[in-house]
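Worksheet for the structure shown next.
Protein chains: 2
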Amino acid sequence: MNDVYVKLYDYLQRKTQVEKNAFLDYCHYFKLKTLKRNEVLLHQNTVCNFNIFVNKGCLRFYSYSDEGKELTRYFAFENKFGTSLTSLINQEPSNENIQAVEKSEVLIISRNDFYHLVKTIPEINLVYRDILEMAYITTTKRVYNFQGESALDRLKWLMKYQPFILTRLSNKMVASYLGITPYTLSRLKTEL
Amino acid sequence: MNDVYVKLYDYLQRKTQVEKNAFLDYCHYFKLKTLKRNEVLLHQNTVCNFNIFVNKGCLRFYSYSDEGKELTRYFAFENKFGTSLTSLINQEPSNENIQAVEKSEVLIISRNDFYHLVKTIPEINLVYRDILEMAYITTTKRVYNFQGESALDRLKWLMKYQPFILTRLSNKMVASYLGITPYTLSRLKTEL
DNA sequence: AAGAAGTATTGCCCTAGAGCAACACTTTGA
DNA sequence: TCAAAGTGTTGCTCTAGGGCAATACTTCTT
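Protein chains in written order, with the working numbering: chain A, 95 to 286; chain B, 95 to 286.
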């Protein structure tokens, strides 16, 4: 198997039983793309018509508040899927930007091909369901965090459950993920 | 068709094409239950093993923050599905309570039966996908609201997109949904 | 019909976190 | 290799929203 697809295959294998031969038949729908640091894959106000699997590096999904603050929704590291789901699903202009935080290598599948696989390959149907369920669960957890926890508690939560976000990314990015300013983040770190 | 299932049938019909005869075959998995005002359907720390369709009334899904504040995640009005999805999916104790806000009438399907239908009836598979997608979209929107908008802006957003929440429910409930205190909500209303 | 319990409003004061400015430190790029 | 741009820290001040207490108003309950 082409090296490029090893991580995707392993990912699918972890989620469900995929037939190796079947995988070899459809994996060509995923096209390799390398991204420079800070390269933008999707600009907001553009309709998102692809889904992304990260082989290497890290993507960031963010938008802008009414006052122009950057709000980060999600970081996709190696072995994760990511897309502007709302735009992908509704085919309306995305309010999100997708940007490579580091030099990255990704596999991109078009919306049409992706939903074709979801419809025709039961394992991919299951994987998509899993993606949606997990995305829903983490997003819900995040809502509860914002609704009921202080910035310090959100930071502690992040340290416990997603420490790589803290170790691998700049303060500025972490702050925009936590919904606080870099000043506050800097101060909070001294309170840990 | 039994009156009790008319709303569910219409709901499915709106989402996809369901075969009436097939529907009559599987609708008996959904059991009718009537709930008194304030009756609790699921207590937190209990594993949720059912999915709910609301025929009449309104359910509230909420949990408690570390300091004991009530945090409301979702209100399910007529013709909506609702469950403690995180618990249902992972079969771990729920951190949510489900409570009838008003006298309500609901259809309940067990987890096993539900996933059985998802697996065997393509239309239900599609409906479940739709439920997950929509739940994800609104939850994501909510994260962005909390992350980047003021309480006043969140209130305005609510008035625009979910006005029935404001008109039909008490201030206290609305406040716990917006992540603010009833005091603040009361004050904000004068600023509109 | 009357007391009890819950809900809404408002005044007062307090706190978490924002915003700005200054400075030190890194990284980047020609 | 050296300027330029970005990043992190910290002092000072400000503001949105929280918390409490008092009062008015509803709504349950019996």
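For each residue, glycine too, the CB sits at the ideal point set by N, CA and C.
Please read all numbers here as calculations on a predicted model, not as lab measurements.
Legend entry - the ligand SAH heavy atom lying under 8 Å from the CB of residue 148 of chain A: This structure lacks the ligand SAH, and indeed carries no ligand of any kind.
Inset, instruction - Let me know the alpha helix (DSSP H) ranges lying completely inside the segment 120-151 of chain B, each 4 residues or longer, listed in chain order. - result: none
Legend entry - Straight-line gap, residue 251 of chain B to residue 169 of chain B (C-alpha atoms, nearest Å): 16 Å
Inset, instruction - Please confirm if residue 145 of chain B has its CB atom under 9 Å from at least one CB of chain A. - result: no
Inset, instruction - At 3 residues or longer, and completely inside the segment 159-213 of chain B: list those beta strand (DSSP E) runs for me, N to C. - result: The segment 159-213 of chain B is shown to contain whole beta strand (DSSP E) runs of 3 or more residues at 164-170, 191-194 and 198-204, in chain order.
Legend entry - alpha helix (DSSP H) segment containing residue 234 of chain B, residue limits: 216-242
Inset, instruction - Would you mind working out which of B:229, B:223 and B:279 sits nearest residue 245 of chain B, comparing C-alpha positions? - result: Ranking B:229, B:223 and B:279 by Cα distance to residue 245 of chain B puts B:279 first.
Inset, instruction - Name the residue from B:255, B:239, B:204 and B:282 whose alpha carbon lies nearest to the alpha carbon of residue 164 of chain A. - result: Selected option, being the one with the closest Cα: B:239.
Inset, instruction - Determine, using beta carbons only, whether residue 242 of chain A and residue 198 of chain B come nearer to each other than 9 Å. - result: no
Inset, instruction - Thinking residue 172 of chain A and residue 150 of chain A are a contact (beta carbons under 8 Å), I'd like their distance in whole angstroms, please. - result: Contact between residue 172 of chain A and residue 150 of chain A holds: their C-beta atoms lie close to 6 Å from each other, under 8 Å.
Legend entry - Residue nearest to residue 184 of chain A in terms of C-alpha spacing, selected from B:128, B:231 and B:254: Nearest of B:128, B:231 and B:254 to residue 184 of chain A, Cα basis: B:231.
Legend entry - Assigned exposure category for residue 229 of chain A - 16 Cβ within 10 Å defines buried: buried
Legend entry - Own chain partners of residue 148 of chain B with C-beta closer than 6 Å, once the 5 adjacent residues on each side are dropped: 170, 172, 174 and 200
Legend entry - Near-chain B residues of the segment 177-207 of chain A - C-beta to any C-beta below 7 Å: 179, 180 and 183
Inset, instruction - State the beta-bridge partners of residue 154 of chain B as determined by DSSP. - result: B:169 and B:193
Legend entry - Best match in B:178, B:260, B:190 and B:139 for proximity to residue 205 of chain B [C-alpha to C-alpha]: B:178
Inset, instruction - With DSSP collapsed to three states, give me the class of residue 110 of chain A. - result: coil
Legend entry - alpha helix (DSSP H) segment containing residue 271 of chain B, residue limits: In the DSSP annotation of this structure, the continuous segment of the alpha helix (DSSP H) that includes residue 271 of chain B starts and ends at 265-272.
Inset, instruction - For residue 141 of chain A, collect the residues of the same chain with a Cβ closer than 8 Å to its Cβ; drop the 5 residues on either side in sequence, then sort them by chain order. - result: 181, 185, 186, 187 and 188
Inset, instruction - Would you verify that the beta carbon of residue 169 of chain A is, or is not, closer than 9 Å to some beta carbon of chain B? - result: no
Inset, instruction - Would you decide whether residue 265 of chain B is buried or exposed? Buried here means 16 or more other CB atoms lie within 10 Å of its CB. - result: When all chains shown are included, residue 265 of chain B counts as exposed.
Legend entry - Option in B:249, B:166 and B:135 with minimal Cα separation from residue 127 of chain B: B:135
Inset, instruction - Output yes if chain B places a C-beta closer than 9 Å to the C-beta of residue 215 of chain A; else output no. - result: no
Legend entry - Within chain A, the residues that residue 165 of chain B reaches when beta carbons sit closer than 7 Å: 238, 241 and 242
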